[in-house]
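J.: Questions regarding the structure given below will be posed in turn.
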Amino acid sequence: MCMDAADQISSTASRGAGIMNEFVKKDKEQGWQSGHSAVPGFLPDGTLRTLTSRLLLRKADDSLGAFSGFAEAMLAEWQIETHAAVAGGELVFKHEGMTVRCRYVPDVVPNRRIEHDFAENPYLGQAQADIERYAAYIEVSVSGAADGIRGHMLLTQTVAALLDTPGALAIHNDPKLFTVKSYRITVKQLKKGRLPATLWGFIRVQRDENGVVGGHTFGLPDFGMPELEVTDTLVPVGETYEMMMAALFHIFEHDVRFSGGEKISFRRNPSSMSAYSPEAEAAGMSTLRLVRSPGVQVAGESLKIEGF
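All residue numbers for the sequence shown refer to my numbering, where the first residue is 2 and numbers rise by one.
Have a look at this one:
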């Protein structure tokens, strides 16, 4: 089960590419370095990443002018000059040591990847019928990203600058799907100086035939920490999802990286999470513990949320 929890955020003036430096500065000041070497499949700072997203299009027609207006949008929205070269259906540019490639593909994504991911995105509703009829896509990749925040920031900014492409239907951040409208709303978080948790992190929650619920995140190793997991709980799927989403928002909104052994405070109805404190516990908030151990639903090690 996956739900889109995009905030309804009011439009604000662009803060531009300086936002990226602001987050990286926080990253260094707060010492997000714990546990890097011990997590298999983990991407510590300095590891070069390649990040990918897809913009699904209604028509397979190379006369669409897929990249028309892109450079102007990047400059106007994010104050990034691309000086992009376009050839053979590809737009390529470099920014702060990273290489961005936007590749127009007049075909569907191989191996029915999009159709498979509809099951992970039940919140699409009627929009799914439109997305199912997509006929082409633009694959956007950012390579050479030595920092997860910088890489995802540039990827998100690039995709946002392509949203006015004729026939744009949806964005595929494997395994999540977003309508163009919901993506636009969530991207506004960057202009408020906030990291867009719902674009960069994914949550899967499932219930087995015995009613036992388990869930995990997908994407946190890009940001310097193991995935979160909930295992063997009888708490309903919806409540488990809301708790894990609260954890995801806490991580991104407060620039937190957990490595195991921490306590966090959690409140239900509405779900919210904060750093642990005796005062929060005395006020009736639940105390959850993060225990690091081999993953059950994910590869490598994960942080099990206990006490929920």
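Just so it is clear, CB atoms sit at the ideal spot from N, CA and C, and this is done for glycine as well.
If you're wondering where the values come from, they're calculated on a predicted model, not measured in any experiment.
(1) To the nearest angstrom, how far is it from the Cα of Pro-197 to the Cα of Asp-108?
(2) State the Cα-Cα distance for the pair Arg-269 and Gly-285, rounded to the nearest angstrom.
(3) Alpha carbon to alpha carbon, how far is Phe-259 from Asp-54? Give it in angstroms, no decimals.
(4) Of the residues Pro-176, Lys-193 and Ala-169, which one's Cα is nearest the Cα of Lys-182?
(5) Could you work out which residue in Ile-81, His-84 and Leu-304 is closest to Pro-222 when comparing CA atoms only?
(6) Locate the alpha helix (DSSP H) running through Gly-239, then write down its first and last residues.
(7) Report the start-end ranges of each beta strand (DSSP E) in the region 258-284 that is 3 residues or longer and not cut off at the edges.
(8) State the beta-bridge partners of Ala-169 as determined by DSSP.
(9) Could you check what DSSP says for Gly-145 in three-state terms: helix, strand or coil?
(10) Decide if Pro-167 is buried, meaning its Cβ has at least 16 other Cβ atoms within 10 Å, or exposed.
(11) Report all residues from its chain with a CB closer than 7 Å to the CB of Leu-155; omit the five preceding and five following residues, and keep chain order.
(12) Taking Arg-113 as the reference, give the member of Ala-128, Met-274, Glu-133 and Phe-94 with the closest Cα.
(13) Taking the alpha carbon of Arg-208 as the point to measure from, which residue in Thr-232, Ala-147 and Thr-199 has its own alpha carbon closest?
(14) Once DSSP output is grouped into helix, strand and coil, what is the label at Met-226?
T.: Taking the definition as stated:
(1) By 1-based counting over the sequence shown, the position of residue 197 is 196. By 1-based counting over the sequence shown, the position of residue 108 is 107. Cα to Cα, Pro-197 sits roughly 29 Å from Asp-108.
(2) Counting from one through the sequence shown, the residue named residue 269 turns up at place 268. Counting from one through the sequence shown, the residue named residue 285 turns up at place 284. The alpha-carbon atoms of Arg-269 and Gly-285 are separated by roughly 10 Å.
(3) Residue numbering aside, residue 54 sits at position 53 when the sequence shown is read from its first letter. Residue numbering aside, residue 259 sits at position 258 when the sequence shown is read from its first letter. Correcting the residue type first, residue 54 is Ser in the shown sequence and not Asp. Approximately 26 Å, taken between the alpha carbons.
(4) Along the sequence shown, one-based indexing puts residue 182 at 181. Looking at the Cα atoms, Ala-169 is the closest of the given residues.
(5) Numbered from 1 along the sequence shown, position 221 holds the residue referred to as residue 222. Ranking Ile-81, His-84 and Leu-304 by Cα distance to Pro-222 puts Leu-304 first.
(6) The residue labelled residue 239 in the question sits at position 238 within the sequence shown. From DSSP, the alpha helix (DSSP H) with Gly-239 extends over 238-254.
(7) 264-268 and 273-276
(8) Numbered from 1 along the sequence shown, position 168 holds the residue referred to as residue 169. Its beta-bridge partners are Leu-58.
(9) As a first step, residue 145 must be located in the sequence shown, where it is residue number 144. Of the three classes helix, strand and coil, the one that applies to Gly-145 here is strand, per DSSP.
(10) As a working note, residue 167 is residue 166 in the sequence shown. Answer is exposed; the Cβ neighbour count stays below 16.
(11) On the sequence shown, position 154 is the one that residue 155 refers to. Answer for Leu-155: His-96, Met-99, Val-101 and Val-143, listed in chain order.
(12) Position 112 of the sequence shown, counted from the start, is the residue given in the question as residue 113. When only C-alpha atoms are compared, the closest one is Glu-133.
(13) The residue given as residue 208 occupies position 207 in the sequence shown. The shortest C-alpha separation from Arg-208 is found at Thr-232.
(14) One-based indexing of the sequence shown puts residue 226 at position 225. Residue state, collapsed to three classes: coil.
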